[in-house]
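Numbering (numbering that gives the first Met the number 0), first residue to last: 0 to 237.
Idealized CB from N, CA, C, for every residue including glycine.
From a predicted model like this one, the values you see are computed outputs, not experimental measurements.
All remarks here apply to the structure that follows.
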Amino acid sequence: MVPAPNRRRFLSVACCTAAAAATLIPDRIAHASSPAKHTELSADQALAALKDGNERFIKAGAECFEDLAQRRQSIAAGQAPFAVIVACSDSRVPPELLFARGLGELFVIRDAGNTVDTVATGSIQYAVEHLGVPLVVVLGHRRCGAVQAAVAVVEENAVFPGSIGQMVEPIVPAVLKAKGASGDLLDNAVRENVRRTVMRLRTSSEPILKDPLEAGRLRVVGARYDLDDGRVDWFMES
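Written out as structure tokens, the structure is:
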């Protein structure tokens with residue numbers, strides 16, 4: 000059981016949604032009331048809302064007392080998320096918390112190493128085509144264990160049991176590319192892993208992503224979350 004003061008502080012960070020976001024984009028966060036309704040935010044506005052949320056998460060000074068039961072009921076008939084977050088499964092990287100968003104606002108896809116396989120690609124396409132999401136964020140994070148495993152494969156010829164080895168295979172090319180850069184190999188590989196996925200999505204030949212990208216209705220950006228200070232570095236916006 001979380002003590003009452005801590006529980007209130009948790010909710011203030013976890014569910015600070017429309018009320019706080021309204022200071023940035025008044026009356027623009029669309030809450031779903033029917034299956035057909037999509038977000039009213041543009042890609043740029045969605046990105047601005049995430050940046051604002053991360054700042055509030057870092058400062059942890061915002062107060063929010065959203066009625067979660069009422070919010071749950073209001074979106075039960077349909078969702079209208081404004082961003083897709085492709086994130087790592089790492090328990091220290093919960094997108095809803097670090098972006099200070101609430102129920103129904105983010106369409107989150109998570110796996111170790113924030114890679115994009117067929118299932119993840121289909122999920123992104125579903126969010127863009129069916130839900131009208133204007134923004135896709137590929138989010139890596141500092142000291143990622145999956146990327147570290149790929150580094151071990153490249154540097155030490157490491158072998159991992161079960162399906163872990165197959166899981167990290169898609170990250171190996173990022174490590175090989177990062178080896179030519181100065182600085183910390185792991186962190187460079189984290190960023191390169193994000194960069195490769197972003198470019199793969201941006202250059203997709205499938206109309207379901209290509210058409211909205213070319214029309215300017217969709218943006219795909221890359222970022223890195225710092226486990227130590229909680230800040231998201233938007234290093235690949237264009």
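Going straight from the alpha carbon of aspartate 110 to that of valine 136, what length do you get?
Cα to Cα, the separation comes out at about 14 Å.
Can you tell me where the alpha helix (DSSP H) holding alanine 75 begins and where it ends?
Looking at the DSSP string, alanine 75 is not in any alpha helix (DSSP H), and its letter there is neither H nor E.
Report yes or no: do the stretch 200 to 213 and the stretch 166 to 173 share at least 3 C-beta pairs separated by less than 8 Å?
Contact between the stretch 200 to 213 and the stretch 166 to 173 is absent, because fewer than three Cβ pairs lie under 8 Å.
I'd like the span of the beta strand (DSSP E) that includes alanine 222, first residue to last.
Looking at the DSSP string, the run of the beta strand (DSSP E) that includes alanine 222 is 218 to 224.
In three-state DSSP terms, what is alanine 173?
Here alanine 173 sits in helix by DSSP.
Any chance the stretch 100 to 107 sits against the stretch 153 to 161, with 3 or more Cβ pairs inside 8 Å?
Contact fails: fewer than three Cβ-Cβ distances are below 8 Å.
Put leucine 208 into one of helix, strand or coil per three-state DSSP.
DSSP places leucine 208 in helix when its eight states are reduced to three.
At which residues does the beta strand (DSSP E) containing glycine 139 begin and terminate?
From DSSP, the beta strand (DSSP E) with glycine 139 extends over 134 to 140.
Which residue marks the beginning of the beta strand (DSSP E) containing arginine 109, and which one marks its end?
First-last of the beta strand (DSSP E) with arginine 109: 105 to 109.
In terms of residues, what are the limits of the alpha helix (DSSP H) holding aspartate 43?
That run of the alpha helix (DSSP H) goes 42 to 58.
Indicate the three-state DSSP secondary structure (helix, strand or coil) for valine 83 in the structure shown.
Three-state result, valine 83: strand.
Can you list, in chain order, the residues of its chain whose CB lies under 8 Å from that of alanine 119, leaving out five sequence neighbours each side?
Taken in chain order, the residues that qualify are Val85, Ile108 and Asp110.
Taking C-alpha atoms, which residue in Ser88, Gly229 and Glu104 lies nearest to glycine 131?
Nearest of Ser88, Gly229 and Glu104 to glycine 131, Cα basis: Glu104.
Please state the DSSP three-state secondary structure of valine 92.
Looking at valine 92 - three-state DSSP - the assignment turns out to be coil, as it is neither helix nor strand.
Once you ignore the five residues that flank cysteine 87 on each side, which residues in its own chain have a CB closer than 8 Å to its CB?
Contacts found: Arg109, Asp110, Ala111, Gly112, Asn113, Leu138, Gly139, His140, Cys143 and Ala145.
Roughly how many angstroms separate the alpha carbons of isoleucine 163 and alanine 149, rounded to a whole number?
Rounded to whole angstroms, isoleucine 163 to alanine 149 spans 10 Å at the Cα level.
From the DSSP secondary-structure annotation, give me the bridge partner or partners of valine 231.
DSSP output for valine 231 lists Tyr224 as bridge partner(s).
Measure the Cβ-Cβ separation of threonine 196 and valine 115 and say whether it is below 8 Å.
Yes, the pair counts as a contact, with Cβ atoms nearer than the cut-off.
Please state the DSSP three-state secondary structure of valine 167.
Note: valine 167 maps to helix in three-state DSSP.
Rounded to whole angstroms, what is the Cα-Cα separation between serine 122 and lysine 209?
In a straight line, the C-alpha of serine 122 is about 15 Å away from that of lysine 209.
May I ask which residues mark the beginning and end of the alpha helix (DSSP H) holding arginine 201?
Counting along the chain, the alpha helix (DSSP H) containing arginine 201 begins and ends at 184 to 201.
Grouping DSSP H, G and I as helix and E and B as strand, with all else coil, what is glycine 161?
Coil.
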